[in-house]
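So the protein lines, in turn, are chains A and X.
Using my numbering, the final residue of the first sequence is 482, and nothing's skipped along the way.
Using my numbering, the final residue of the second sequence is 1050, and nothing's skipped along the way.
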Amino acid sequence: MSLIKYESFVREPLVDGTKTYNDVTEDIVYTIEAKPSRLWYIGFYISVALLLFGVYSIYRDVTYGIGQWNLGKTVGWGWDITNFVWWVGIGHAGTLISAILLLFRQGWRTGVNRAAEAMTIFAVMCAGQFPIWHMGRVWMAFFVMPYPNTRGALWPNFNSPLLWDVFAISTYFTVSLLFWYSGLLPDLATIRDRAKTKLRKLFYGVASFGWSGSTKHWQRHESLSLVLAGLSTPLVLSVHTIVSFDFATSVVPGWHTTIFPPYFVAGAVFSGFAMVQTLMLITRRVMNLQDYITLGHIEAMNKVIVLTGSIVGCAYLTELFIAWYGANPYEYDAFFKYRLAGPYGWSYWIMMTCNVVSPQLFWFQKLRRNIGFTFFMSIIVNIGMWFERFVIIVTSIYRDYLPSSWTMYYRPTIFEIGFYLGTFGLFFTCYFLFSKYFPVIAIAEIKHVLKTSGESYKAKMADLENLSVEEFYAKTHHGDHH
Amino acid sequence: MDQKKYWQNLGELNNTEGYQKLVKDEFQEDLPMFDNSKGLLDAKTPRRDFLKYVGFSTAAAAVAAGCEAPVRKSIPYLNKPENLSPGVAQYYATTYVAEGDAVPVVAKVRDGRPIKIEGNDHSFLNMKGEGTSARVQSSVLDLYDTARLRWPAEVVNKELKELQLSEALDKKIAGELSGTTPVLLTSTITSPTTKQVIAEFLAKYPGGRHVQYDAISYSGLLLANERSYGKRTLPSYRFDKAKVIVSIDADFLGTWLSSEEYASQYASGRKINQKNPEMSKHIQFEGVLSLTGANADDRFLTRPSETGAIVLNLLAKLGGGVAAPAIADEKVKKGIDMAASMLGANKGAALVVCGSNDPDVQVLVNAINELLGANGVTINWAAPVQIRQGIDGEMDQLVKDMNSGQVSSLLIYEANPAYNYQDAAGFISGLQKVKLSVSFNDRADETSVLCKYIIPHPHYLESWGDAEARVGFYGLMQPTIEHLFSTRPFQTSLLKWSGSNTDYDEYFKKYWVEKLGGQMAFDAALQSGVVEPAEVSFASLPYNGAAVADAAAKVASVKSGSNAELILYQKVSIGSGATANNPWLQEMPDPISRATWDNYVMISYAMAKELGIELNDKYEVEYKKPVVEFTINGKPVKLPILAIAGMHPKVIALAVGYGRGEGVGLAGANVGYNAYPLVNGKGATRSYYSTDVTGYKNTGDTYDIAYTQTHNQYEGRVEVVREYTLADFRKNPEAVPHYREELAEDFAKHTGDFRAEATMYPNYESPGAHWGMSIDLNACTGCGACTIACTAENNVPVVGKSEVKRYHDMHWLRIDRYYASYRDKTEGDDLNVVFMPMLCQHCDNAPCENVCPVSATNHSSEGLNQMAYNRCIGTRYCANNCPFKVRRFNWADYTGADSFPDNQQFGVVGGLDPVVAQMNDDLTRMVLNPDVTVRSRGVIEKCSFCVQRLQDAKLKAKKSQDPSEIRNVKTACMQACSTGAIVFGNVNDKESRVYKLRTEEQNHRTYYALEHIHVLPNISYLAKIRNTDRPVGVKEEEHGATEIKEEAHH
């Protein structure tokens, strides 16, 4: 028996089945070249309908005022900023998978990175809507841009975390978009090369920027990927750090907390992975990509979820500990009287259950590899993370320093909900278009992986494995007799 | 020259054709230069200019699209009137007159429009101050009320038919009048000229009579004074001369008689001189938590039916020689003992007042005051007060006469019995039997639409006239604007109909010119607005105790049952309900309940529990309040409730003045429930309570009540509210300075300079003025006049009930009311109430400023936290980050100032009430202060420290080279405050009041709210001191626990 095993005992293959390069291309490009399924149309139309409702909701808000939402003198931010932070958080997984996992040489990222990056971009687009349309005078939004103007030396206020947001999010969006698109180039070229219709030729011809697959192109592509990965890595950490500054730099008890940056980043990765799970589980099923997005991928992401969920749980407990240990009665009250208890106590416990308690079930491998359970948990985590932002934002400001001003943020109006649903519409409209017109899995990268993983690779290596040690030695060291 | 040839390649050497072509086409594109030969429009856009073109076309498109502003024409004077410069305000002294009240005021007139009212400080009636009540402040808005009748009308089948003011009309009415015995029904009239006109009119119509009818009756007091002192009139009370004040049911700081004057007097006894801390003692017996009760040092809960018994007991304890019924309640008994002993020890400096309208009770109160030596000291009879003269019996007789057909003509001025008479149905049926009825009311109110003619009387700001609130103390009225509508003084009508040819204006002038001895004197009097003696003299009246025994017997016979009892009270804002269409008043939060736009039944916490209402968080924040069915006087009434601390467990209270009919106007119509039919008119005088509340049950329904404050305790947050007992303050006067020193020790270890060291931001100097304010929590009674003054001065929008209940109220200045019970005990006698005026604190290290992404809110070198509305994009971050929650956001287009047209009517999510339309009417908008920007939708606004006044003062100081102009500047709230609780000024000026208060006069009580978070407010508060033995505020040991050691920099 040979001692040599080319199939790892611990690592499962990254691609299931005996795939040839051609199989890979066919499997992934098939959906682009075929007519969309009935399901796709139904989903797409629902998304567009949601998007239109969102547009109407924004129209109401712009025409009639922010009074279309149920905010008030004490609670000035509600669903708007909650949704903003939620979407930004979701937009973290893609870049994390692409950049940080690339730097860490995590092979399994190839199956999910494309869709995750697309999701990142769409999520950041959705997130961006909220700070824009929550402004009372959105038509003056350009005041936040530092541009030379005729008003004298009138600049935006560089002390304001909201301004930092503007830069942080736009930078993040730009880099993510570049990263995603540069990764798409070889795949778009593949589609172009296969294109049979004129329109498709034209579209993918333009979109692939004249990619010819030359060695030089590949070399530049790889370098660019590394550079962008290097750029994105700090951005993954910085964006949510800066979003957390919106709260951390304020004086409001419950917001004014130094733990926020790491806590927000962990939470963002947590919710981002959950969203990737939700989408991937549907995508692999609908588009028959089980061989590329394997149980191994799902399990790997579940591990990240349980890790980040536990970090978040630690952060929650640290907050509580400091609120008690810090002996600041205002902070103590904010956490123990009005967050854990009080009229919004229920939202805190939803958050705790969804984010801290339930992900612990992922310590069981069986559950980590259970697709139904994973899907359920991914939804639970995203509900929990939405409530985390709601808890931080609303349950801090509804009862702050002056008890005379305490109020409630009753319930969202139909247009507040409509705006949120509208961003779902935007997100899924984009995602449906993406899944129809772009390869949802990085074809070139999968092919790269096939060289070192998968059944075909195993088959190729079977002969070697079957050799005895001596034969193997002889085969690999011919001419080296002694 | 060297003939050497250098070449780079063979092509160049041989100058081949190919090379020549290459050289020619070296730059394959044209250089990106403008080719102007073809004209600008045909020019190509080179790549390098792409951004330029994008920039230009975007800007051009923006300019083209954005420049279409609505055209508003302003027409300059063709001939500039003398003494009138556009943009320069003029001030006219005049007198506010309403329902008997007469307050000398000064009207600020800008470009021909009166826009602001201040008290006239020449008058003793204002205690020589500029303070006014909320109602006086808001009266300027009534001038521009859209519901005012714009022409005389004949009422045909409840429809108004326009009439012309003409001789023909006068002849017609005079014709109808002749042969009748007219009755003139008015509210209390203090005007000497009007009285003379009425006398002359009645002389022409023998058998006619004048009936004065007050919506809220003081007959009991008037009749009692007749019995005790032989005069059916009112004394002038002097709360400032009293060291011990006992009030039984009298809300003398809020709604009882001349309460603004009393508040000012009262405050003078409540302000603390820290070198020798002393203050008056105020004991209140009452069933409902009134504004006055909220200010009392000790408060005892009683039922309204026990009022007589308490007075009797007090009289007995003071040696009045009467037998007093036993008081069951131990606490009240002790309260009476305490009151009696304190009163007894302060004879000559004590005052007892009582809100009862029962003459017998008031006779006993007179007896008490006589025993205390109050007659001539705290009860001054030198110049009797005439502001209430109505006797209930006369009105009752009139209604009886009308129903029996004995009244053939009725002329009604400023009276609305069809709304506010307890037997309105009886009055209405009687009115139908009257042949000729004329109303002079200013609108088609409940009574006017039932009359035959309405000839509207002008607003006081349009009128000539006078008022004699106190005998010998005259206030003169002069018009500040031409009549807006076709209105005519009712006195003119009376003159015309009695055959005279002069109108009232002439009559008035003639009267006063004669009386004062010449035109010059008249002009001078008009200018000062008042004709008053140089000094207030004091005098007593001979007291006659004969009626006491009889009264005592009658009062003793009143038994208190076991039923719950109803108190009908007046709200500080709406009062009797005459001004119910005033949006400012409707939106003014009630000082106690903090509710707007409604009346409701106030019940005790105990009764709420009995009704199965859980007083938890949900109750606190939910504006849908339970509707309870009460059985009052045998009839079921369904009314919403509010549970209020400090109510007697068996007492419920309902405000009168609500439930007005359609005729009152958009804002006031159908707001709340009309409680006047519940007034008990069975006795000789009306009584404003009922002992007959036999049942109450929770219907399970709810009703929306819009209130501005949900939480009532300050949760032991001593950094917000500091209160001490007088004894504690004497013992430990430096508690507050000590706390502030500790802060400096903890956070400014090196320099001891808390301001500069405890922050990471640089410390900015303010070399010129630095504005600051000091608010004395002891002097503030919570009346809310400042809120309305601020609204008037700063064009603060009215948003209506549906917006208030969504917490969209816009007041820049609010008065936080805390139930500050000792150890969370929220019920009963231990209740303390704190009023804390809260407005932008103009923090020098303002948390709102550094979070604004566009610097729309920023700091001036004078310490002002400023808002640049034009720059604001409405992120609301500043409001979230404001620890004082004083920033207000324009959630919708409240002012009509938005550039989006037609966006005030939105359904689905709330919507703007009709009152917003009323406030945006071109007529109502005349009240806007042109010096203050009207804010549009989507921007944050807040207190500016009346920066327009500051700028004006600085300008004046500069022009006159007199810095004292700056020293005299007052914010609107300070000017309106009759108790002097608010002091504003330049803290850099060592001579300024505010500087002196902070550094020497009141440094022991000076604290800054939330000082520990180092926001450096420019408003300081003076700690509240209570003259009581009860524990106050937070327990001593808790004090220590709540001292904050938080990181101070942010």
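By construction, the Cβ of each residue, glycine as well, lies at the ideal position given by its N, Cα and C atoms.
One or two residues paired with R1005 of chain X in a DSSP bridge: Answer is none; R1005 of chain X lacks a bridge partner.
Any beta strand (DSSP E) of 3 or more consecutive residues that is wholly inside the stretch 958 to 989 of chain X: 982 to 986
Residues of its chain near Y707 of chain X, where Cβ-Cβ distance is below 6 Å and the 5 sequence neighbours each way are ignored: R594, A595
Helix, strand or coil at R339 of chain A [DSSP, three-state]: coil
Distance between beta carbons of A643 of chain X and I603 of chain X, contact taken as under 8 Å: 6 Å
Contacts of W77 of chain A in chain X (Cβ-Cβ under 7 Å): R876, N880
DSSP-derived helix/strand/coil call for S687 of chain X: strand
Best match in X:N273, X:I368, X:A215, X:S139 for proximity to I248 of chain X [C-alpha to C-alpha]: X:I368
Own chain, CB closer than 7 Å to K4 of chain X, minus 5 neighbours either side, in chain order: none
Closer than 9 Å at the beta carbon, the chain A residues around Y1021 of chain X: Under the 9 Å cutoff, chain A gives no residues; its nearest Cβ is about 13 Å from Y1021 of chain X.
is_contact[R389 of chain A, chain X] using C-beta, thresh 9 Å: R389 of chain A has a beta carbon lying at 9 Å or more from every beta carbon in chain X.
Residue environment, V54 of chain X, which counts as buried when at least 16 other CB atoms sit within 10 Å: exposed
Short-range partners of chain X found in the stretch 240 to 254 of chain A, where Cβ spacing is below 7 Å: S250, V251, V252
Closer than 9 Å to chain X by CB, T63 of chain A: yes
T791 of chain X versus F984 of chain X - alpha carbon distance: 18 Å
Secondary structure of R209 of chain X, DSSP reduced to three states: strand
Residues in the stretch 131 to 152 of chain A having any Cβ partner in chain X nearer than 8 Å: P131, H134, M135, G136, R137, V138, M140, A141, F143, V144
Whole alpha helix (DSSP H) elements within the stretch 174 to 233 of chain X, 4-residue minimum: 192 to 204, 219 to 229
CB contact below 9 Å: I106 of chain A versus chain X: Per the sequence shown, residue 106 of chain A should be read as Gln rather than Ile. Q106 of chain A does not count as touching chain X.
Beta-carbon contacts of K475 of chain A that lie in its chain and below 6 Å, excluding the five residues immediately before and after: Nothing listed; no residue qualifies.
T190 of chain A: first and last residue of the uninterrupted alpha helix (DSSP H) it sits in: First-last of the alpha helix (DSSP H) with T190 of chain A: 161 to 194.
T74 of chain A at chain X interface by Cβ criterion, 9 Å: yes
Rounded separation between L678 of chain X and I632 of chain X - CA only: 8 Å
Beta-carbon proximity list for G205 of chain A, same chain, < 6 Å, skipping 5 on both sides: Its chain contains R192 as the residues whose beta carbon lies nearer than 6 Å to that of G205 of chain A, once the 5 sequence neighbours on both sides are disregarded; these appear in chain order.
Contact check, G665 of chain X vs E803 of chain X, beta carbons under 9 Å: no
Under 8 Å from the C-beta of E715 of chain X: neighbouring residues of chain A: D333, P403
Cβ pair V572 of chain X, L291 of chain X closer than 9 Å: yes
Separation of P963 of chain X from A957 of chain X, as counted between CA atoms: 5 Å
Limits of the unbroken beta strand (DSSP E) element including S774 of chain X: Per DSSP, the continuous beta strand (DSSP E) segment holding S774 of chain X begins and ends at 771 to 776.
Buried or exposed by the 16-neighbour rule on C-beta atoms within 10 Å, applied to F104 of chain A: exposed
Separation of E862 of chain X from V106 of chain X, as counted between CA atoms: 29 Å
Residues near K436 of chain A in its chain [Cβ-Cβ closer than 6 Å; skip 5 each side]: Excluding residues within five positions, the ones whose Cβ falls inside 6 Å are P36.
Proximity test, Cβ basis, 9 Å: T710 of chain X and chain A: Taking Cβ atoms only, chain A reaches closer than 9 Å to T710 of chain X, which makes this a yes.
Contacting positions in the stretch 406 to 422 of chain A - beta carbon closer than 7 Å to chain X: W406, T407, M408, T413, I414, F415
Short CB-CB distance (under 9 Å) between I873 of chain X and chain A: yes
Nearest-angstrom Cβ-Cβ length linking G78 of chain A and T407 of chain A, presumed shorter than 8 Å: With a Cβ gap of about 11 Å, G78 of chain A and T407 of chain A do not count as contacting.
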